[in-house]
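S.K.: Throughout the sequence shown, residue numbering follows the working numbering, covering 1013 to 1119 in sequence.
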Amino acid sequence: MADWLGDCIVSVVHQYLVVPKTVTRLQEAGFRSFRLAEAQVTAHDQYEIFNPGGRPPELQWLVVDGTPGVDDLGVDRIGRLVVSEAVLELFRADGLNHAEVTEWQPE
1013 MADWLGDCIV
1023 SVVHQYLVVP
1033 KTVTRLQEAG
1043 FRSFRLAEAQ
1053 VTAHDQYEIF
1063 NPGGRPPELQ
1073 WLVVDGTPGV
1083 DDLGVDRIGR
1093 LVVSEAVLEL
1103 FRADGLNHAE
1113 VTEWQPE
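1. Beta-carbon separation of D1024 and F1046 under 8 Å?
2. Taking C-alpha atoms, which residue in F1062, V1095, P1080 lies nearest to R1089?
3. Mind checking whether A1051 and L1038 have CB atoms under 8 Å apart?
4. Mind checking who I1021 pairs with in its DSSP beta bridge?
5. Considering only their Cβ atoms, is the gap separating I1021 from L1034 smaller than 8 Å?
6. Taking its Cβ as the centre, do 16 or more other Cβ atoms sit within 10 Å of D1077, making it buried, or is it exposed?
7. If you reduce the DSSP assignment to three classes, tell me which class A1098 lands in.
8. Taking only three categories from DSSP, how would you classify E1040?
9. Have a look at R1044 and L1108 and give me their C-alpha separation to the nearest angstrom.
10. Between Y1059 and P1068, which are expected to be in contact by the criterion C-beta below 8 Å, what is the C-beta distance as a whole number of angstroms?
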């Protein structure tokens, strides 16, 4: 990881990582179209430049297996995360300040 701006979800080449607080809230809300896996987050050399003395956040891999537009979490054919309004609200409440959010258009 070269930098982290504090958002609750991080995207790395069509893979999605979330902070523990958000994992808990997704589970407590009853969302089911995902699994969790361990993520090994290491700091890139640039991380120290952008975050002197800082450590990368603890993150878990969010393995999304839902259908876009049907389930609360899905991934479209080109790897973009598609979420329901309820999940988007949860992400925003947990800190989603740097993500590009656009309206999903079914193909």
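The beta-carbon is built from N, C-alpha and C at its ideal position, and this holds for glycine as well.
Being a predicted model, the structure only gives us computed values, none of them experimental.
M.R.: Judging by the given coordinates:
1. It is Val, not Asp, that sits at residue 1024 in the sequence shown. Not a contact, by the Cβ cut-off of 8 Å.
2. P1080
3. no
4. V1030
5. One detail in the question is off: residue 1034 reads as Thr in this sequence, not Leu. Yes, they are a contact pair.
6. D1077 counts as exposed, since fewer than 16 other beta carbons sit within 10 angstroms of its beta carbon.
7. helix
8. helix
9. 21 Å
10. 6 Å
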